[in-house]
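Contents: one structure, followed by commentary.
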Amino acid sequence: MTDTATLSPDEQLAAFRKRREEVVVQPLGSLALVNTQWVDSEQTIWGVPGTWAPRTDGGSGLIVKAAASEGIRVDGELVDGEAIVRGKDDPAPSEIVFSDTVRGFVIASEEGTYALRVWDAESEDIQKFGGIDAFPYNPEWVIHASFTENPEGTTLGFEHLKDNGKTREEVIPGSIRFTKDGVDYDLAAFKAGRALQLVFADTTNGDSTYSVGRFLYVAPNPDGTIILDFNRAVLPPCAFSYNFNCPLPPKQNRFRVPIEAGEKNVLAKDGSLLH
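With the working numbering applied, the sequence shown has no gaps in its numbers, which climb one by one up to 292 at the end.
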């Protein structure tokens with residue numbers, strides 16, 4: 018195994034980008050998502066068998082009705098009649114298998130409604146995928162910033178691509194501040210697992226990079242410093258599949274300069290844009 022600490026910044030970035038291209042084509046990678054369909058009444062879902070409906074008992078998830086011949090397995094059991102499919106908001110979410118290549122799970126909205134997500138390990142986008150276009154390593158965009166914790170419970174409303182201007186409140190653990198080229202920045206990042214997720218835009222968007230913006234995952238150091246290496250900026254999932262609904266950059270995360278670092282666009286095998 019290669020010790021990444023001995024690699025140059027260019028070599029470390031090359032390894033990071035190789036992993037990224039491997040991840041997006043996995044069976045549950047971004048390019049495998051072929052449908053996200055919200056279920057508010059009994060209905061069929063494009064691309065998969067069965068009839069799907071909301072639960073009426075107030076529990077998490079959906080109800081699926083199917084004959085054994087349709088081959089749906091929920092938590093390893095063949096559905097022959099009716100089964101509960103627990104959502105991702107349940108401590109033990111259900112796994113759905115439709116075939117050797119097609120899988121699914123149920124996601125929840127803030128309002129308590131549920132959707133089925135369908136993933137195909139042999140999706141058309143995976144077959145067409147040629148790579149992720151990216152800028153060369155740019156040391157100018159390795160930023161040393163300060164991280165100041167916010168009062169507990171501080172939130173900020175984030176718009177999402179498909180929410181028609183409605184905002185979702187996200188907890189903002191702290192402020193990220195730095196000065197570059199005489200401009201002071203005060204950025205907002207929300208919690209994403211053990212890291213912070215910075216959703217940002219810059220003047221390359223819609224020109225040399227994906228129009229919606231990009232993500233950067235960072236972690237503050239114990240001494241209150243934080244490094245923003247924009248060379249590791251990644252495309253949001255919605256750049257890979259229209260079936261994702263990505264957060265949009267808030268006002269303070271919109272740079273009025275080009276950030277020529279990080280990922281640019283998703284490419285097809287012929288070098289054209291995949292989407």
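Don't be surprised by glycine CBs; every beta carbon is placed ideally from N, CA and C.
Counting only beta-carbon separations shorter than 8 Å, does residue i have a partner in chain C?
i, result
"Val41", "The structure shown has no chain C; it contains just one protein chain."
Name the one or two DSSP bridge partners that residue i has.
i, result
"Trp158", "BP columns for Trp158 are empty, so no partner."
"Glu28", "In the DSSP output, where bridge partners are listed per residue, Glu28 has none listed."
"Ile193", "Phe164, Leu204"
"Lys82", "Thr68, Glu99"
"Asp150", "Asn282"
"Gly121", "Ile113, Val135"
"Ala301", "Absent from the model: residue 301. The displayed extent of the chain is 18 to 292, so no value can be given."
Roughly how many whole angstroms lie between the Cα atoms of residue i and residue j?
i, j, result
"Phe115", "Pro66", "8 Å"
"Ala278", "Arg249", "8 Å"
"Gly98", "Thr53", "24 Å"
"Gly78", "Pro71", "7 Å"
"Gly93", "Val200", "56 Å"
"Ala32", "Ala236", "20 Å"
"Ile276", "Leu178", "22 Å"
"Glu280", "Gly46", "17 Å"
"Arg90", "Lys82", "11 Å"
"Val102", "Thr73", "13 Å"
How would you write the range of the beta strand (DSSP E) that residue i sits in, first residue to last?
i, result
"Glu176", "172-176"
"Asp180", "Unbroken run through Asp180: none, as it is neither H nor E."
"Gly98", "98-102"
"Val51", "50-56"
"Asp287", "Looking at the DSSP string, Asp287 is not in any beta strand (DSSP E), and its letter there is neither H nor E."
"Glu249", "Residue identity check: residue 249 is Arg in the sequence provided, not Glu. No beta strand (DSSP E) contains Arg249, which DSSP labels as neither H nor E."
"Leu45", "No beta strand (DSSP E) holds Leu45; DSSP gives it neither H nor E."
"Val188", "184-188"
"Tyr234", "231-235"
Judging by CA-CA distance, which residue of the options is the nearest neighbour of residue i?
i, options, result
"Gln60", "Thr53, Trp69, Phe175, Gly147", "Trp69"
"Ala218", "Val123, Pro264, Lys197", "Pro264"
"Phe207", "Phe232, Gly288, Ile276, Thr221", "Phe232"
"Gln164", "Lys281, Glu28, Arg185, Phe195", "Sequence check: residue 164 is Phe here, not Gln. Nearest of Lys281, Glu28, Arg185, Phe195 to Phe164, Cα basis: Phe195."
"Asn64", "Val235, Ser192, Thr118, Ala256", "Asn is not the amino acid found at residue 64; the sequence shown has Gly there. The residue with the shortest Cα to Cα distance from Gly64 is Thr118."
"Gln214", "Trp55, Val188, Tyr202", "Val188"
"Gly14", "Ile243, Pro156, Gln269", "One cannot answer for residue 14 here, as it falls past the ends of the chain, which runs 18 to 292."
"Thr171", "Gly182, Asn181, Pro156, Gly191", "Gly191"
"Val41", "Ala256, Arg271, Asp287", "Ala256"
"Tyr202", "Ser126, Arg271, Val56, Arg34", "Arg271"
"Ser58", "Pro44, Leu50, Glu38, Ile80", "Ile80"
Which two residues bound the contiguous alpha helix (DSSP H) that contains residue i?
i, result
"Asp11", "Here the chain covers residues 18 to 292 and nothing more, so residue 11 does not appear."
Fill in: the stretch 226-243 touching the stretch 123-134, judged by at least three CB pairs closer than 8 Å
no
Worksheet item: Are the stretch 181-201 and the stretch 150-167 touching by the rule of at least three beta carbon pairs closer than 8 Å?
Response: yes
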